Each structure stands twice: as C-alpha cells, then as structure tokens.
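Engineer: Chains as they are written, first to last, in this note's numbering: chain A, 1 to 345; chain B, 1001 to 1306. For glycine and all other residues, C-beta sits at the position ideal for the given N, C-alpha and C. Just so it is clear, the structure is predicted and the values come from calculations on it, not from any experiment.
Structure below.
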C-alpha cells in the first residue's frame, strides 16, 4: 500500500526548499495549502459538533445545579437541590421502571428475532433484494406514525388486537390501563420499526463468516441447528455487541411512541408508560417548567445510559462467547484479537 | 485458496477476507448453497406480512368513519375512496397548515442531508487521505462521540436557541442537524478504500490545489457512499420528533408534529387521524420504493465496517 508521505516527497521534489527569497508567494501558498487544508476540512464538523453536540451535554451539568425556569431564565446556584428534588418525585422512579421494562421487552425479542431472520435470509434465496427490502419496510415509517397506528391496534375497546383475542376465546387486555400490557404494546412498536434494520446488520455479519467454517462443521457432522449455535453465533459476536449497545443508547431515550400512545401524551392516567425522556419533557416544558430540574434528569439519564451500555457490553461478550461451549483460553484470546482487528480496520 | 495469504501480505487483511469469501462462494460446497425450502419462504413471508399489515390496517381504518370504527374493530376489509376524502379533510384542516408542514419537512431534510454529506465527505477526505498532526486522536474522538446520546443536551440547546431568538424557526432544527459524527466516520471508512492515493497524487502533480483535488477527485469517488448517507440523513430528519416538538410550534410545524396535532384535535375520529398518518408516510414509502435497495446496501455495508 502506498503511504501518504509520498505527497510530501513529491512536494519537496518539485519545490526545492529555501532556494531563494524569491521562491514566490505561490509556492508558499502551496505549502500552507498542504499544511492547513486538513484542519480546515475537519473544522466545520468539529466546530458545529462542539457547539450543538458536546457543549450542551457538558453544560447540562451546569444548568442542573441552578434554579432555572423555562420562562424566567437562570436563577441562583442551588447545588444538588435539583437532584434531590428529582429523587423525591415518585414519577421519576416510575419513569425509570417503565423505561427499563420497555427497553428489555423491546431489545431482547428484537435481537433474537433479528438473528433468526438473518439466518433465514443468509441462504441462496430467490429474489434476495425483495426479501431484504421487505423486512426493512417498517424502518421508513416514522416512530410517531407507528405509535399512532399501534395505539389504535391496541385500543382497549374495539381495537383489532383485542378483537382477535376475543375471537379465539381469550379475555380482552386493558392495553391502556395495565402497566405491563402498555409496556408490551409500546415495545412492539419499537420492535416493529427496528427488527428488520437489525436483521440486515446481522445478515451482513453472517455473510462475512468464512464458509470454510461451515464446511468443517458439516464434515464434523453438525446439523443446521448446531452450525447456527456453534459457528454463526460466535462468529457474529462483535456485531451482536454493536447492535445491543446501539439498542441501549436509543432504547433508554424512548420518547416518540409513548408520547403518542394516547391523546393526552403524558404517560397514562397513573403514569403507566411515562418514560424518563417523557418525564424530562414534562419537567422542562410541561407542567413544571423547570429547566434546572429537567437538566438534572437529563444528566442522570446520561449516566444511566453509560452504565447500562457498559454492563450490556460485558454481558453480551460473555453470552456470545459462551454460545460455543467453553472455548479454551487460547481460542478466546485469538477471537478477541480478531475482533480487535476488525474494530481497528 | 493458496492465494489468500499472499493477498493478506500485499493488500491487508480485509482484502484477504473478501478474497477468501469470493473463492469459497465459488466452491459451493455440499448443502450450504442449495436453494432453501418452503419453510424459509414461509418464515420470511410472515415477517414481511407483519411489516405490511399495520400499514394496510392504517389505510383500511383511514377509509372508514368514526361510527363504524366504534362498532367494529375492522369495519371493512378493503380500503375505498373515503380515504381520499379523509386525505382532503386532513389537508384542509384548521388545526395546522398541511402544506406548510410538508414544505418545512422537505426544507429541513434536504438542507441537513446536503450539509451532512458535504461536511462529512470533506472531513472524511481529510481523515482518510491527508496527513496531519493529531489525526489519530481526532478520529478516535469522532468515533467515541458516536456513542454519546446528544439528544440529552436538550436543555442547554433550548436555552441557546432562546438566546438566539430561534424558537419556532426552522434553523433551530436545521443547525443542530448540519453535521453528524456517524457521517464523518462513514465517509472516512469509505474513502480509505475507494480513493487511491495515485489519483490524489496525479491531481496534485497537475497543480490542483487541495480544495480542487477534493472537489474533482474525492467528491466524485465518494458518490455511492454519499448517496447512502444522504438517504439515511433524510429519513432520520423526516421522522424526527423529539427536538422539533420542543423548539417548533403548531404555527410552524413539521409533518411528525402535525400527527400529534391531529391526535390532539381529532381523537374522537380515528379514521381521520390514521388517514393523516398514512398521508404523511407516503413520501417516505415512495422514496423507499425507489431507493430501498440502496438503503439495504447501506445498512449492510455499514454493519461490516462498524
């Protein structure tokens, strides 16, 4: 592979340095061009990202330690009072419970379904593109739209799901009253939109698995099931971790679907499906109009996401490695090296 | 197969992997590459059905009226022309201006996807092909920030927008969407492989300035990845709800916000609400029809690299 140093070598060849003072403005301009252009080209991203991405996250901590009203602006420094206020509000704890519950109900079935679907897609199918586009279709439906559609499907009275349940002799479920039922309904919206997307990610990972491994497994007498658990799953481990981390970051911030699950958008009569981001919105822009407290909620949620992200990272590493039985330490190290290489490249 | 190690030495491990993949695909060893049987198609067919059914349900309910919905969970099996009547009721609704919301969504999505593509390609070109001090550290920074939930910076962002007097204006949504860390990472990855150093050198030899090299060499080379990035950004902005619902008002909404307005104003008539929901989904469905295969390819390419 060629190295970037060539650029400099070529410059040196065409422009012998310090020949005379009259070397000329053009050449100096050329050298500045080479030297400063890289910084110039990355600067729009960094400047905009620092202002609209990084600064707000950090400044959230500052706002959270002040009394700060939506209408009257910044007040005095209050230390950790906003945090203790938030901890004292039962709705905050309810929102955490709901967020975790919805997150688990959406991410676990979603990842499993996506892996299974990907295994079905990872075959010598007829009209591959059709099937791939078919599973991706829900991705282009906006989460709010999904929320409205499913909110109606899961209506307590004359909803299609309840009608179906009654048709097969089961009792109707109070989807907008019962806590767990409302979580299942909202999780199904998330699953609807994201399962296909993740299926394609897993499919790509499966296609990158060297076919020799399957050949070897077949020779060893492994059936399709055994190949799936002993070859496919361990081989796509890095991708499983990636998907779980992304699902964590997105899933714990869920807002759109619970916001439109009913017409009032406040998480239900007894906050059955009030999520933490919905609570954050309500604290800041809803009833309390308290930006300081909202910042405290945002900062807490940020920390929770980081912690859960790391826990998930550790957990998926173990589960995905454990899938192939207990590999020898050497095999495990080799796999880790390979994963590290893949990440690095 | 013997050629693989050589490839690994000369062109790096990734080329070796892809060479191995190709040669194994040619090998078609017993069993793995045979056509799958009906079970596979049944499962996949069911998955596609699950994806389509809620949309079909939407147009069926959208073709109905509040009285029959109240009586029957599925008042009819087929959509009919009432759907278009309900569409026109939504378009002429007094709760919001549909065309204004539509125009706002188009403006926001087009401006942000253009800007994300331009700035990401610019930065990606620099990271992938230019040499400068701090390059490695800055690239690691970009990758690390991809995992930061920036949505949680809403409070300071709102304060900033208030100070700028941008509340209720489109730039409050556009400006934070002008760049993404993902875009920079994506274009860097692509240009590293797709743009040979020889091309850059040739352009430089011919006396092209850096920006000229970018414009005439890097940008055309980046086109396939840039198109995918534009698509993803477009979709993400079109469906964006949380931040717009904080900074925009019902006088100047985007389409997702009008869905919420529909619900708040017409919650007694779900035929109208779901007709509106479908109406607002149509543009992305059309986009998907024409560019769906690129979205598929983009997701799959991103997965292998990410």
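Using Cβ-Cβ distances below 8 Å, what residues of the segment 1071-1083 of chain B are close to chain A?
Structural biologist: For the segment 1071-1083 of chain B, which is checked against every Cβ of chain A, the residues closer than 8 Å are 1071, 1072, 1073 and 1074.
Engineer: Looking only at its chain, what residues have a beta carbon closer than 6 Å to the beta carbon of residue 1109 of chain B, apart from the 5 residues adjacent to it on each side?
Structural biologist: The sequence position of residue 1109 of chain B within the second chain is 109, counting from 1. Leaving aside the five residues that flank residue 1109 of chain B on each side, the residues in its chain whose CB is nearer than 6 Å to its CB run, in chain order, 1234, 1237 and 1238.
Engineer: Go ahead and pull the three-state DSSP assignment for residue 1092 of chain B.
Structural biologist: Sequence index remark: in the second chain, residue 1092 of chain B carries index 92 (1-based). The answer is coil: DSSP assigns residue 1092 of chain B none of H, G, I, E or B.
Engineer: Going along the segment 133-156 of chain A in order, which residues come within less than 9 Å of chain B, judged by CB to CB distance?
Structural biologist: 133, 134, 135, 136, 137, 138, 139, 140, 141, 142, 143, 144, 145, 146, 147, 148, 149, 150, 151, 152, 153 and 155
Engineer: Which of the three DSSP states is assigned to residue 53 of chain A in this structure?
Structural biologist: Taking the first residue of the first chain as 1, we reach residue 53 of chain A at position 53. Here residue 53 of chain A sits in helix by DSSP.
Engineer: Under 8 Å: do the segment 1243-1258 of chain B and the segment 93-111 of chain A share three or more Cβ pairs, one atom per stretch?
Structural biologist: no
Engineer: Counting contacts by CB-CB distance shorter than 8 Å, is residue 286 of chain A in contact with chain B?
Structural biologist: If you number the first chain from 1, residue 286 of chain A lands on position 286. No, no contact with chain B.
Engineer: Let me know the alpha helix (DSSP H) ranges lying completely inside the segment 148-232 of chain A, each 4 residues or longer, listed in chain order.
Structural biologist: 160-167, 179-207, 211-219 and 224-227
Engineer: Leaving out five residues on either side along the sequence, give the residues of the same chain with a beta carbon under 7 Å from the beta carbon of residue 35 of chain A.
Structural biologist: As a working mapping, residue 35 of chain A is identified with position 35 in the first chain. Closer than 7 Å at the Cβ level, and outside the excluded window around residue 35 of chain A, lies no residue.
Engineer: Figure out for me which residue from A:227, A:225 and A:160 has the closest Cα to the Cα of residue 1069 of chain B.
Structural biologist: As a first step, residue 1069 of chain B must be located in the second chain, where it is residue number 69. Selected option, being the one with the closest Cα: A:160.
Engineer: Given residue 101 of chain A, which residues of its chain have a CB within under 7 Å of its CB, disregarding the five upstream and five downstream residues?
Structural biologist: Residue 101 of chain A sits at position 101 when you count from the first residue of the first chain. Result list for residue 101 of chain A: 183, in chain order.
Engineer: Report the neighbours of residue 1040 of chain B on chain A: residues whose CB is nearer than 8 Å to its CB, in chain order.
Structural biologist: As a working note, residue 1040 of chain B is residue 40 in the second chain. Per Cβ cutoff of 8 Å: 120, 123 and 125.
Engineer: How would you list, in chain order, the residues of chain A whose beta-carbon sits under 8 Å from the beta-carbon of residue 1259 of chain B?
Structural biologist: Taking the first residue of the second chain as 1, we reach residue 1259 of chain B at position 259. What residue 1259 of chain B touches in chain A: 142, 144, 145, 148 and 260.
Engineer: According to the neighbour-count rule (16 or more other Cβ atoms, all chains shown, within 10 Å of its Cβ), is residue 42 of chain A buried or exposed?
Structural biologist: Counting from 1 along the first chain, the entry for residue 42 of chain A is found at position 42. Answer is buried; the Cβ neighbour count reaches 16.
Engineer: Whole angstroms are fine: how far does the CA of residue 307 of chain A sit from the CA of residue 1116 of chain B?
Structural biologist: As a position in the second chain, residue 1116 of chain B is number 116, starting the count at 1. As a position in the first chain, residue 307 of chain A is number 307, starting the count at 1. Straight-line Cα distance between these residues: approximately 30 Å.
Engineer: Measuring CA to CA, which of B:1052, B:1147, B:1218 and B:1288 is closest to residue 1203 of chain B?
Structural biologist: Reading the second chain from its first residue, position 203 is the one you call residue 1203 of chain B. Nearest in C-alpha terms to residue 1203 of chain B, of all of B:1052, B:1147, B:1218 and B:1288, is B:1218.
Engineer: In three-state DSSP terms, what is residue 67 of chain A?
Structural biologist: For this step, residue 67 of chain A is matched to residue 67 along the first chain. Three-state result, residue 67 of chain A: strand.
Engineer: Output yes if chain A places a C-beta closer than 8 Å to the C-beta of residue 1246 of chain B; else output no.
Structural biologist: Looking up residue 1246 of chain B in the second chain gives position 246. Cβ-Cβ to chain A under 8 Å: yes for residue 1246 of chain B.
Engineer: Give me the DSSP bridge partner(s) of residue 77 of chain A.
Structural biologist: The residue you call residue 77 of chain A lines up with position 77 of the first chain. The bridge partners DSSP lists for residue 77 of chain A are A:66.
Engineer: Return helix, strand or coil for residue 142 of chain A, following the three-state DSSP convention.
Structural biologist: Within the first chain, numbered from 1, the residue matching residue 142 of chain A stands at position 142. Note: residue 142 of chain A maps to coil in three-state DSSP.
Engineer: Alpha carbon to alpha carbon, how far is residue 1058 of chain B from residue 149 of chain A?
Structural biologist: Here residue 1058 of chain B is taken as the residue at index 58 of the second chain, counted from 1. Here residue 149 of chain A is taken as the residue at index 149 of the first chain, counted from 1. Cα to Cα, residue 1058 of chain B sits roughly 7 Å from residue 149 of chain A.
Engineer: Locate the alpha helix (DSSP H) running through residue 1059 of chain B, then write down its first and last residues.
Structural biologist: Here residue 1059 of chain B corresponds to residue number 59 of the second chain, with the count starting at 1. Unbroken alpha helix (DSSP H) run through residue 1059 of chain B: 1038-1062.
Engineer: Shorter than 8 Å from the beta carbon of residue 44 of chain A to some beta carbon of chain B?
Structural biologist: Locating residue 44 of chain A in the first chain gives position 44, where the first residue counts as 1. Chain B contact via Cβ: present.
Engineer: Could you give the DSSP three-state label for residue 290 of chain A: helix, strand or coil?
Structural biologist: The sequence position of residue 290 of chain A within the first chain is 290, counting from 1. Reduced to three states, the DSSP call for residue 290 of chain A is strand.
Engineer: Assuming residue 301 of chain A contacts residue 274 of chain A under a Cβ cut-off of 8 Å, what Cβ separation, rounded to an integer in Å, is found between them?
Structural biologist: Sequence index remark: in the first chain, residue 301 of chain A carries index 301 (1-based). Sequence index remark: in the first chain, residue 274 of chain A carries index 274 (1-based). In fact, because the Cβ distance is near 13 Å, the residues do not count as touching under 8 Å.
Engineer: Short of 8 Å in beta carbon distance, which residues of its chain neighbour residue 78 of chain A, apart from the five on each side in sequence? Order them along the chain.
Structural biologist: By one-based count along the first chain, residue 78 of chain A stands at place 78. The residues are 65, 66, 67 and 292.
Engineer: Kindly list the residues whose CB is nearer than 7 Å to the CB of residue 1102 of chain B, restricted to its own chain and excluding five residues on each side of it in sequence; keep chain order.
Structural biologist: Numbered from 1 along the second chain, position 102 holds the residue referred to as residue 1102 of chain B. The residues are 1255.
Engineer: For residue 1193 of chain B, which of helix, strand or coil comes out of DSSP?
Structural biologist: Translated into positions along the second chain, residue 1193 of chain B becomes position 193. Three-state result, residue 1193 of chain B: helix.
Engineer: Taking Cβ positions only, does residue 1067 of chain B come closer than 8 Å to chain A?
Structural biologist: Taking the second chain and counting its residues from 1, one reaches residue 1067 of chain B at position 67. Closer than 8 Å: no.
Engineer: Can you list, in chain order, the residues of its chain whose CB lies under 6 Å from that of residue 70 of chain A, leaving out five sequence neighbours each side?
Structural biologist: As a first step, residue 70 of chain A is located in the first chain; it is residue number 70 there, counting from the start. So the qualifying residues of the chain are 289 and 291.
Engineer: Three-state secondary structure (DSSP) at residue 1078 of chain B?
Structural biologist: Within the second chain, residue 1078 of chain B is the residue found at index 78, counting from 1. Three-state DSSP puts residue 1078 of chain B in coil, outside helix and strand.
Engineer: At the level of alpha carbons, what is the spacing between residue 162 of chain A and residue 1042 of chain B?
Structural biologist: If you number the first chain from 1, residue 162 of chain A lands on position 162. If you number the second chain from 1, residue 1042 of chain B lands on position 42. Taking the straight line from one Cα to the other gives about 26 Å.
Engineer: Alpha carbon to alpha carbon, how far is residue 1024 of chain B from residue 130 of chain A?
Structural biologist: Indexing the second chain from 1 puts residue 1024 of chain B at position 24. Indexing the first chain from 1 puts residue 130 of chain A at position 130. With a pLDDT of only 47 at residue 1024 of chain B, under the threshold of 50, the placement of this residue in the model should not be trusted, and no figure is reported.
Engineer: Can you check the segment 240-306 of chain A for any beta strand (DSSP E) of at least 3 residues that lies completely inside it and give the ranges in chain order?
Structural biologist: Runs of the beta strand (DSSP E) inside the segment 240-306 of chain A: none found.
Engineer: Under 8 Å between beta-carbons, which chain A residues line up against residue 1220 of chain B? List them in chain order, please.
Structural biologist: Here residue 1220 of chain B refers to the residue found at position 220 of the second chain. Residues of chain A passing the Cβ test: none, with the nearest at roughly 17 Å.
Engineer: Once the 5 residues before and after residue 1075 of chain B are set aside, which same chain residues still bring their CB inside 7 Å of it?
Structural biologist: What you label residue 1075 of chain B is simply residue 75 of the second chain in a count that begins at 1. These residues qualify, in order along the chain: 1064, 1068 and 1069.
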